[in-house]
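Chemist: Add 1152 to a position in the sequence shown, counting from 1, and you land on the number used in this note's numbering.
Using N, Cα and C, we set each Cβ at its ideal position, and we do this for glycine too.
Quick one: structure below, then a few questions.
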Amino acid sequence: MASLFRSTSGDGYVVLWNCNGARRNALSPEYYAGLISGLEAASADQSCAAVVLAGEGNFFCAGGDLTQLKARRVMSEPERRANIEKLHDVIRAIRGCRKPVIAAVEGGAAGAGVSLAMACDMIVAGVGARFTLAYVKAGLVPDGGATWSLSRVLPRATLAQMAMLGRPLSSERLHALGVVSDLVPDGQVLETANGLATEIARGPERAIADIKQLLNDAEQSASLEDQLTRERDAMAQALGGEEARTGISAFLNKEQPVFR
């Protein structure tokens, strides 16, 4: 049986692939394990500046495999909770990766595939892509943090229609709402995502990692004061570092900084 996960390297970045194209890249235990391992390796690899998530074929990710979900109905509730936590560990790994993670959404994302994309720092999508929370059609509810992430970027009524009625949202609408960072012609998604990763690779590694952490903290923060404290500490540390020396000097000399 062919592997359901693979990793390829670009110029300063890595692409982590869901290789379940025959099932529209439905999620699998092998993909979970490979993705978490790949994210951990990217975090530790100084030569890797960014991560791109992609799906083979013409669809990013269809979410959970209903055949597997049907089989899990006979499990006890604690066993079912443990299986859902495996998906949630993937979401945590994406958010916790020190490197920016970019979702390359060709065709569309459904169910937990939406959760995967929303956990990323940037989303590149083709103009024909559609995002669907199809759980309700199967009598299920969203997981993977979908209600948490989408409630922060969508009006409640829009999210309610998406989650309660299973209505898809186009990539064009999500781009207009600021959820999709880059909207490109179909077939150019991976190329654009790789271009963003290459651009990130030219930037200051430590500063970008700290910015990602600040963005994560801002979403979790209870107050403005908490975030002001985090930003103060991160800025004070950054200002004393080598990246700031390089960047400030280049800016003042009207030159392009070379961080790596």
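What number of angstroms, rounded off, separates the C-alpha of residue 1215 from the C-alpha of residue 1330?
Modeler: Residue 1215 and residue 1330: Cα-Cα distance of roughly 23 Å.
Chemist: Measure the C-alpha to C-alpha separation of residue 1272 and residue 1190 and round it to an integer number of angstroms.
Modeler: Taking the straight line from one Cα to the other gives about 14 Å.
Chemist: Look at the Cβ atom of residue 1261, then the Cβ atom of residue 1293, and state whether they are nearer than 9 Å.
Modeler: No, these two residues do not count as a Cβ contact at 9 Å.
Chemist: Using DSSP bridges, identify the partner residues of residue 1295.
Modeler: According to DSSP, which records beta bridges pairwise, residue 1295 is partnered with nothing at all.
Chemist: What are the start and end residues of the alpha helix (DSSP H) that includes residue 1186?
Modeler: From DSSP, the alpha helix (DSSP H) with residue 1186 extends over 1181–1196.
Chemist: Relative to the C-alpha of residue 1252, which residue among 1174, 1357 and 1385 is closest?
Modeler: If we check each option's Cα against that of residue 1252, 1357 comes out closest.
Chemist: At which residue ranges does the stretch 1359–1398 contain complete alpha helix (DSSP H) runs of 4 or more residues, listed in the order of the chain?
Modeler: 1376–1391, all fully within the stretch 1359–1398.
Chemist: Hey, how far is the Cα of residue 1300 from the Cα of residue 1310?
Modeler: Between residue 1300 and residue 1310, the C-alpha separation is close to 14 Å.
Chemist: Report the partner residues of residue 1255 according to the DSSP bridge assignment.
Modeler: According to DSSP, residue 1255 bridges with 1205 and 1275.
Chemist: Can you tell me which of the three DSSP states residue 1334 falls into?
Modeler: Reduced to three states, the DSSP call for residue 1334 is strand.
Chemist: Quick check on the DSSP output: the alpha helix (DSSP H) that includes residue 1323 runs from which residue to which?
Modeler: Here the alpha helix (DSSP H) through residue 1323 covers 1323–1328.
Chemist: Name the two residues that bound the continuous alpha helix (DSSP H) containing residue 1244.
Modeler: 1229–1248 is the extent of the alpha helix (DSSP H) around residue 1244.
Chemist: Considering only residues of the same chain and omitting the five flanking positions on each side of residue 1247, which have a CB-CB separation below 8 Å?
Modeler: Excluding residues within five positions, the ones whose Cβ falls inside 8 Å are 1271 and 1368.
Chemist: Does the count of Cβ pairs from the stretch 1227–1234 and the stretch 1262–1269 closer than 8 Å reach three?
Modeler: They do not touch, by the three-pair rule.
Chemist: Note the first and the last residue of the continuous beta strand (DSSP E) segment covering residue 1158.
Modeler: That run of the beta strand (DSSP E) goes 1157–1161.
Chemist: Classify residue 1346 as helix, strand or coil using the three-state DSSP reduction.
Modeler: Note: residue 1346 maps to helix in three-state DSSP.
Chemist: Compute the Euclidean distance between the alpha carbons of residue 1171 and residue 1389, then round it to the nearest angstrom.
Modeler: Each residue's alpha carbon lies about 41 Å from the other.
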